[in-house]
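Engineer: If you scroll down you'll find the structure; I have some questions about it.
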Ligand code: HMG
Ligand code: MG
């Protein structure tokens, strides 16, 4: 078993994109600083998607310009198309030299219907449009991650053929994505599905080229992570407090919470570089920002045992 695991934090993007109440830019930057301060080394900060589609992240340029730094820290942002990449490059140019590293991520779905709802195009058309994103981003020194959404099931089509997921993931790797994250957008996946997909994919890709992005909608996210760990996967996406979901997948609440993931990984002896106490503080910060209690079980339990003065297990 690998001992070092990358916890890939997506809360500031995947979490906040789902929040109706507008979070002010300084609040987003405070959350990012709290996450970086907790030792998370990969953080998805925001999205250069259409502000008409996702008004919450319309301040992506301001966020990128003011990202807090940290040793070994790399941020990523979603870019859906060449216009998104141009906005990212413009924000980086305006910020000037010396800020933290910012990479790009492209996304599409394994299922046609979800892809159309999410980006208003078919899968083949979306992949073709990524040619104007992935190569040009890499030429400017950015790494590019690719997401395959609805990899375990689609809110509109139901079951998704694993062969489709493998084909889309393979196309993203062939375009030059350094890693492909398999998204359980609506949280329907189970460990056997993870094993099956990994069996198919790991014949064509190295384990470090694949990440798992599980949602905990039906309580299966950590079981799926365990199946991924056993398959040699070393990067898992999660969201602080369990914030978020996909606005174009009804009922897709419940990203795997970072606190739940880190609690399990640390308990199993894996290293993550994350400081538990500071992570809990970041979770509390996220709750204050969105003005409600977040679903992370490990966060809830930690805060309850602190309130009782009980020792941490
Ligand atoms: P569209 O309306 O089809 O775009 O949107 P278009 O290319 O036809 O252009 C229409 C207008 O949008 C034009 O402006 C463009 O300039 C503008 P106008 O001429 O009308 O004034 N436009 C843009 N503006 C700013 N930034 C851009 C941009 N592109 C075009 N990048 C588009 C197509 C892809 C932009 C839209 O559908 C969109 O923004 N979709 C994003 C939806 C989204 O963010 N979903 C959530 C992220 S994915 C996710 O959460 C899943 C994941 O977590 C993994 C998992 O859980 O499975 C990753
Ligand atoms: Mg997601």
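In the numbering used here, the protein residues as written are 1 to 313. Backbone N, C-alpha and C define an ideal beta-carbon position, used for all residues, glycine too.
(1) Alpha carbon to alpha carbon, how far is residue 114 from residue 149? Give it in angstroms, no decimals.
(2) In whole angstroms, what separates the C-alpha of residue 231 from that of residue 166?
(3) Between the beta-carbon of residue 73 and the beta-carbon of residue 36, is there less than 7 Å?
(4) Beta carbon of residue 46, beta carbon of residue 60: below 7 Å?
(5) Rounded to whole angstroms, how far is the Cβ of residue 182 from the Cβ of residue 197, which I believe are closer than 8 Å?
(6) Less than 7 Å between the beta carbons of residue 261 and residue 238, yes or no?
(7) Across the stretch 278-293 and the stretch 11-26, are there enough close Cβ pairs to call them in contact, namely three or more that are closer than 8 Å?
(8) Please report the distance separating the alpha-carbon of residue 81 from that of residue 219.
(9) Please work out which residues of its chain come closer than 7 Å, Cβ to Cβ, to residue 127, disregarding the five sequence neighbours upstream and downstream, and give them in chain order.
(10) Please name the residue, chosen from 216, 192, 50 and 283, that lies closest to residue 120 on a Cα-to-Cα basis.
(11) Counting beta carbon pairs with one atom in the stretch 205-220 and one in the stretch 182-192, are three or more of them shorter than 8 Å?
(12) Here's the rule: buried if 16 or more other CB atoms are within 10 angstroms of the residue's CB, otherwise exposed. What is residue 199?
(13) Note down the Cα distance separating residue 131 from residue 53, rounded to an integer number of angstroms.
(14) Assuming contact is defined by CB atoms lying nearer than 7 Å, are residue 295 and residue 155 in contact in what I supplied?
(15) Smallest Cα separation from residue 29: which of 57, 5, 7 and 6?
(16) Quick one: Cα of residue 212 to Cα of residue 233, how far?
(17) Quick check: is any heavy atom of the ligand MG less than 6 Å from the C-beta of residue 14?
(18) The beta strand (DSSP E) spanning residue 108 covers which residue range?
(19) Following a CB-centred definition, is residue 210 positioned closer than 6 Å to any heavy atom of the ligand HMG?
(20) If you run the structure through DSSP and keep just helix, strand and coil, what is residue 257?
(21) Could you give the DSSP three-state label for residue 240: helix, strand or coil?
(22) Evaluate residue 255 with the Cβ neighbour count: other Cβ atoms within 10 Å of its Cβ, from every protein chain shown; 16 or more gives buried, anything less gives exposed.
(23) Hey, could you find the ends of the beta strand (DSSP E) residue 283 is sitting in?
(24) Mind pulling the beta strand (DSSP E) runs of 3 or more residues that sit fully within the stretch 105-166?
Structural biologist: Well, looking at it:
(1) Taking the chain shown and counting its residues from 1, the one referred to as residue 149 is at position 149. Taking the chain shown and counting its residues from 1, the one referred to as residue 114 is at position 114. If you take the alpha carbons of residue 149 and residue 114, they lie about 8 Å apart.
(2) Residue 231 sits at position 231 when you count from the first residue of the chain shown. Residue 166 sits at position 166 when you count from the first residue of the chain shown. C-alpha separation (whole angstroms): 16 Å.
(3) Indexing the chain shown from 1 puts residue 73 at position 73. Indexing the chain shown from 1 puts residue 36 at position 36. For the pair residue 73 and residue 36, the CB atoms are nearer than the 7 Å cut-off.
(4) As a position in the chain shown, residue 46 is number 46, starting the count at 1. As a position in the chain shown, residue 60 is number 60, starting the count at 1. A contact, by the Cβ cut-off of 7 Å.
(5) As a working mapping, residue 182 is identified with position 182 in the chain shown. As a working mapping, residue 197 is identified with position 197 in the chain shown. With 8 Å as the limit, residue 182 and residue 197 qualify as a contact, their Cβ atoms being about 7 Å apart.
(6) Walking along the chain shown from the start, residue 261 turns up at place 261. Walking along the chain shown from the start, residue 238 turns up at place 238. Cβ distance < 7 Å, so residue 261 and residue 238 count as in contact.
(7) Yes, since at least three Cβ pairs between the stretch 278-293 and the stretch 11-26 fall closer than 8 Å, the two stretches touch.
(8) To locate residue 81, count along the chain shown from 1; it is residue 81. To locate residue 219, count along the chain shown from 1; it is residue 219. Cα to Cα, the separation comes out at about 33 Å.
(9) Indexing the chain shown from 1 puts residue 127 at position 127. Excluding its 5 nearest sequence neighbours in each direction, residue 127 has C-beta neighbours in its own chain below 7 Å: 108 and 171, listed in chain order.
(10) Working through the chain shown from its first residue, we reach residue 120 at position 120. Nearest C-alpha to residue 120: 50.
(11) Because the criterion of three Cβ pairs below 8 Å is met, the stretch 182-192 and the stretch 205-220 touch.
(12) Walking along the chain shown from the start, residue 199 turns up at place 199. The residue is exposed, with fewer than 16 neighbouring Cβ atoms inside 10 Å.
(13) Along the chain shown, read from residue 1 onward, the residue named residue 131 stands at position 131. Along the chain shown, read from residue 1 onward, the residue named residue 53 stands at position 53. Rounded to whole angstroms, the gap between the alpha carbons of residue 131 and residue 53 is 23 Å.
(14) For this step, residue 295 is matched to residue 295 along the chain shown. For this step, residue 155 is matched to residue 155 along the chain shown. Taking 7 Å as the cut-off, the Cβ atoms of residue 295 and residue 155 do not count as close.
(15) One-based indexing of the chain shown puts residue 29 at position 29. Proximity to residue 29 across 57, 5, 7 and 6 peaks at 57, based on C-alpha coordinates.
(16) Within the chain shown, numbered from 1, the residue matching residue 212 stands at position 212. Within the chain shown, numbered from 1, the residue matching residue 233 stands at position 233. So the two alpha carbons sit approximately 8 Å from each other.
(17) For this step, residue 14 is matched to residue 14 along the chain shown. The nearest non-hydrogen atom of the ligand MG is less than 6 Å from the C-beta of residue 14.
(18) By 1-based counting over the chain shown, the position of residue 108 is 108. If you look at residue 108, you'll find it in the beta strand (DSSP E) that goes 101-109.
(19) Indexing the chain shown from 1 puts residue 210 at position 210. Every heavy atom of the ligand HMG is 6 Å or more from the Cβ of residue 210, so no.
(20) Mapped onto the chain shown, residue 257 falls at position 257. Correct three-state label for residue 257: strand.
(21) Mapped onto the chain shown, residue 240 falls at position 240. Correct three-state label for residue 240: helix.
(22) If you number the chain shown from 1, residue 255 lands on position 255. Classification for residue 255: buried.
(23) The residue you call residue 283 lines up with position 283 of the chain shown. Careful: residue 283 lies outside any beta strand (DSSP E), inside the alpha helix (DSSP H) at 276-290.
(24) When DSSP assignments are scanned along the stretch 105-166, the uninterrupted stretches of beta strand (DSSP E) that are 3 or more residues long and fall wholly within it turn out to be 144-149.
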